[in-house]
Every structure is written in structure tokens, then in C-alpha cells.
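Protein chains: 2
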Amino acid sequence: MLSKKTKYGIKALTFLARQNSRKPVSIATISKSETISVKFLETILLTLKKNGILGSKKGMGGGYYLLKEPKDVPMTTVMRVLEGPIAMVPCVSLNYYEKCNDCPDEDKCAVHRLMIQIRDNSLKVFRNTTLEDLTN
Amino acid sequence: MLSKKTKYGIKALTFLARQNSRKPVSIATISKSETISVKFLETILLTLKKNGILGSKKGMGGGYYLLKEPKDVPMTTVMRVLEGPIAMVPCVSLNYYEKCNDCPDEDKCAVHRLMIQIRDNSLKVFRNTTLEDLTN
DNA sequence: TAATATCCTACTAACCCTATAGGGTATTAG
DNA sequence: CTAATACCCTATAGGGTTAGTAGGATATTA
Numbered sequence: 030m031l032s033k034k035t036k037y038g039i040k041a042l043t044f045l046a047r048q049n050s051r052k053p054v055s056i057a058t059i060s061k062s063e064t065i066s067v068k069f070l071e072t073i074l075l076t077l078k079k080n081g082i083l084g085s086k087k088g089m090g091g092g093y094y095l096l097k098e099p100k101d102v103p104m105t106t107v108m109r110v111l112e113g114p115i116a117m118v119p120c121v122s123l124n125y126y127e128k129c130n131d132c133p134d135e136d137k138c139a140v141h142r143l144m145i146q147i148r149d150n151s152l153k154v155f156r157n158t159t160l161e162d163l164t165n
Numbered sequence: 030m031l032s033k034k035t036k037y038g039i040k041a042l043t044f045l046a047r048q049n050s051r052k053p054v055s056i057a058t059i060s061k062s063e064t065i066s067v068k069f070l071e072t073i074l075l076t077l078k079k080n081g082i083l084g085s086k087k088g089m090g091g092g093y094y095l096l097k098e099p100k101d102v103p104m105t106t107v108m109r110v111l112e113g114p115i116a117m118v119p120c121v122s123l124n125y126y127e128k129c130n131d132c133p134d135e136d137k138c139a140v141h142r143l144m145i146q147i148r149d150n151s152l153k154v155f156r157n158t159t160l161e162d163l164t165n
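Residue numbers (our numbering), protein chains in the order written: chain A, 30 to 165; chain B, 30 to 165.
Dropping the structure here:
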């Protein structure tokens, strides 16, 4: 299941990507437009900022803005920041690999081989989709 | 993330699929071979039975066995029984559809359109993979 | 009748997710 | 200089799910 955090995060990013200019947009504005709790959205945008996807400006006229052009933000990056690993099991994760404590031989593990296929397909989609693609 | 329940379930099913005969195999036997807690495995096999994937026999020489040939058990069925919906969000689920309370127009929702692609790719893999494929 | 093995429900401890609270800090306008 | 705006940051609470356990009931076989 996709977390609300990720869902809201993607919606907010898409909203920002749709803006004509890259001027800061306040949390309140995004919150209203996308029907997301202000406080919850605040924490989400903060993690997007800490992970180099958004920039911010404080004070009057401040808000959040994209650091890159929407076409240069692949969904792999967004998903990893918000949702964590793209793989369904740690033993097939590229960025967060972890060995299973059961399972002596990964190559012979049915779950392992099945989940590699799922991971590869998901990766293909996320890699080939940018924020720009989501604005249409 | 794939739940342990699903992971163990798939391993147990694969173990059963690898048997030459369709004679009952006891929980204890599967438990030892796959390093899964007996009690936990018990509940998993029970749900597989209740959902028509496994049959069982009580008493001495009893155990669980596949009701169909491995090649006739697609992973879509297994995943839905153990893990639930294949889709990452209810609004793109075929079997467990649910409308989002935010989001007035699904066709215009970025998350919706992205997750349909993920669902379609996962479905393709699960549909084209049977228990037999996992035994190799 | 004793041994084997599934059946079934309930329970608990741990963990994660969602959301909120409450104050701190930087910036801008007047 | 001051007030208003809006982000920054940490902590926490409540609810839900997951992983695993307990303990007895029931059916089958030898």
C-alpha cells in the first residue's frame, strides 16, 4: 500500500510542477488546492526539502518551489525519498539491500526471483516517468 | 513491503509444488525445511486452505497438499489471498476498488495515472507466473 | 484408546502511520 | 523597529497492522 505521505507528496509536487513560474508557493495554498491537512503537508514538504527536491523561502511571499525542472525529476527519486525502497523485499532492493536470515541461497529462493521481476518492472515505470509527465 | 505472511506462504506453496506426489505434507515438515515458526505457518496454511488453494487431511499421515497442479495456480491468486490487493492504491484496484475522498476527478489525478501503470506491470508478472515456474 | 495432526479463536507485544501540538526562526512590509 | 507571515523542528498521541504465541477442540489412524 502506498502511504498517504507519498500520495500527498506526489500531489503537492505535481501542483508545483504545474505552476508557470518557479516562485515560492505557500503550504496553505497547496493544502487548499489538494485537500491536504496543513500540518501534515508541512512535514512532507520538509522532508522533500531536506532531500534536495524542493527549495524554500521563509517570511512573507515565501513558500516551497522546485529546485529542478519537472522533466529532470524522475519518480524513482520521489518514491525513494517519500516511500522508501521500491523493492517489496529488502533482498531485492538496489539501494537498501538486506539479506534474509532464513534463505541460504537467494538464487534458489522463489520469492526472491519473483520479486526481482516486480522490482524491475516498477523501476522501469518510475524511471521513465518524470514530474512533467504527471502534469498533463 | 511484502508481509512475512505472504513470503512464508509462497515458500510453503513452492515447497509443496516441488513434491513429486500430492500426498499430504505436515506443517512440521514444511516448517523445518523453510525455517518458519510452526505456529505462524499453521495460520498461514489455514487461510490458504480456506481460500481453496490447499486441501488438508487430519490425523496421522495427514497434512496439507495442493488442490490443483502447480501450473494451474497463478500468482495473482496467491497474492490476493495472502497479501490482499495487488494495486498500491484502492482507486486503481480491480478487485478492491474504492474511491478517494480527496480527488474529484480520477482521470486528472497524477497518483492515479502513475499507479495504474505500476498495477498493470505487476499484474502482468503475477498472471504469467505460476507455482510451477517458481519450482525451478 | 492413544498418538498424530489439523482446526480455531483469542491475545499480545512491537511497530508504523497519520495527524497534531507548540514553539522557534527567518524574512518582509510598513 | 515591529508586526505579520510562513517556514523549521521535535515530540507525541492514537489508531491500526503485523508477527508471533497460547491453548484447547476436533478428526483420523493404527
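All C-beta atoms, glycine included, are put in the ideal place defined by N, C-alpha and C.
Beyond the five residues adjoining it in sequence on each side, Lys40(A) comes within less than 8 angstroms, by CB distance, of Glu63 and Ile65 in the same chain, given in chain order.
The C-beta of Val118(B) has 16 or more other C-beta atoms within 10 Å across all chains shown, which makes the residue buried.
DSSP places Leu163(A) within a helical segment (H, G or I) once states are collapsed to three. If you check the CB distance, Val154(A) and Ile115(B) do not come in under 9 angstroms. Measuring C-alpha to C-alpha distances from Arg109(B) to each of Asp101(B), Leu96(B), Asn124(B) and Pro99(B) identifies Asn124(B) as the nearest. Sorting Thr58(B), Asp101(B), Lys137(B) and Thr76(B) by C-alpha distance to the C-alpha of Phe44(B) places Thr58(B) at the top.
Comparing C-alpha distances from Tyr93(A) to each of Ser50(A), Glu127(A) and Ala139(A) shows the shortest one belongs to Ser50(A).
Residue pairing from DSSP places Tyr94(B) in a beta bridge opposite Gly84(B). Within the segment 148-164 of chain A, those residues whose Cβ lies closer than 7 angstroms to any Cβ of chain B are, in chain order, Asn150, Ser151, Val154, Thr158 and Leu163. Proximity of chain A to Gln146(B) at the Cβ level (cut-off 7 angstroms) is accounted for by Val154, in chain order. If the five residues before and after Thr164(B) are omitted, its C-beta is found closer than 8 angstroms to the C-beta atoms of Thr43, Ala46, Arg47 and Pro99, all from its own chain and listed in chain order.
When the beta-carbon positions are compared, Met104(A) and Leu143(B) come within less than 9 angstroms of each other. Among the residues of the segment 85-109 of chain A, those with a Cβ less than 8 angstroms away from any Cβ of chain B are Met104, in the order of the chain.
When rounded, the separation of the alpha-carbon atoms in Val67(A) and Ile56(A) is 7 angstroms.
No residue range can be given for Ala116(A), since it is assigned to no alpha helix (DSSP H) and is classified by DSSP as neither H nor E. Rounded to whole angstroms, Ile82(B) and Lys97(A) show a C-alpha spacing of 50 angstroms.
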